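Peer 1: Going by my numbering, the sequence shown opens with residue 68, and the numbers climb by one from there. Every residue, glycine too, gets a C-beta built ideally from N, C-alpha and C. Owing to the predicted nature of the structure, the values given are computational and were not obtained by experimental measurement.
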Amino acid sequence: MTWAAQWLEAKAAEAAATAKRRWIEDQMAKDMDLANAKEGSSTHKVDGFAIKITTRLNRKIDGDRLQELAAENGLSDHLSALFRWKPEINMSAWKNAADNITRPLSAAITTEPGRPSFAITPIEEE
């Protein structure tokens, strides 16, 4: 079998394995009721395994709306600290900023749940 054929075979196996893993993760997320989970990490001990789950929320910024809101509220000077100018939200600065700064700008941000990531390790018996 040629290198190219082996590569194609490996890519197909990889895609199938990824699809199976994602299906399993989706089932675990459903069983653990992660649909409304907040951002962060949690560890669950299930069937002799420690399952660490990291959940994220994906945020999309409407740059035009954000600049409009900032101008209306006199907050344009804060944009470079709160956002990477793609615009992309700077979550650590956003979380640490005062509510009177973030509240007027929040209408320009769309928040959707991201795909949870999993790390599974066997629990050592003592």
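Given a threshold of 16 other Cβ atoms within 10 Å of its Cβ, counted over all protein chains shown, does A102 qualify as buried or as exposed?
Peer 2: Counting Cβ neighbours within 10 Å, A102 comes out exposed, since fewer than 16 surround it.
Peer 1: Is the separation between the beta-carbon of G181 and that of N140 shorter than 7 Å?
Peer 2: Against a cut-off of 7 Å, the Cβ pair of N140 and G181 comes out as no contact.
Peer 1: Nearest by alpha-carbon distance to G107: which of P183, D100 and T169 is it?
Peer 2: For G107, the nearest C-alpha among the options comes from P183.
Peer 1: Hey, is the stretch 153-165 in contact with the stretch 127-136, meaning 3+ C-beta pairs nearer than 8 Å?
Peer 2: Contact between the stretch 153-165 and the stretch 127-136 is present, because at least three Cβ pairs lie under 8 Å.
Peer 1: With a 10 Å radius around its C-beta and 16 neighbouring C-beta atoms as the bar for buried, classify A175 as buried or exposed.
Peer 2: Looking at its Cβ environment, which holds 16 or more other Cβ atoms inside 10 Å, A175 is buried.
Peer 1: Thinking C-beta only, is A104 closer than 7 Å to T122?
Peer 2: Yes, the Cβ-Cβ distance between T122 and A104 is below 7 Å.
Peer 1: Need the endpoints of the alpha helix (DSSP H) that N103 sits in, please.
Peer 2: Here N103 belongs to no alpha helix (DSSP H), and DSSP marks it neither H nor E.
Peer 1: I168 to F150, Cα distance in whole Å?
Peer 2: For I168 and F150, the distance between alpha carbons rounds to 13 Å.
Peer 1: Using a Cβ-Cβ cut-off of 8 Å (strictly less than) and excluding sequence neighbours within five positions of I190, which residues of its own chain qualify?
Peer 2: Only K112, G115, F116 and A117 meet the Cβ criterion.
Peer 1: CA-CA distance, L172 and A137?
Peer 2: Looking at the two C-alpha atoms, the distance is approximately 6 Å.
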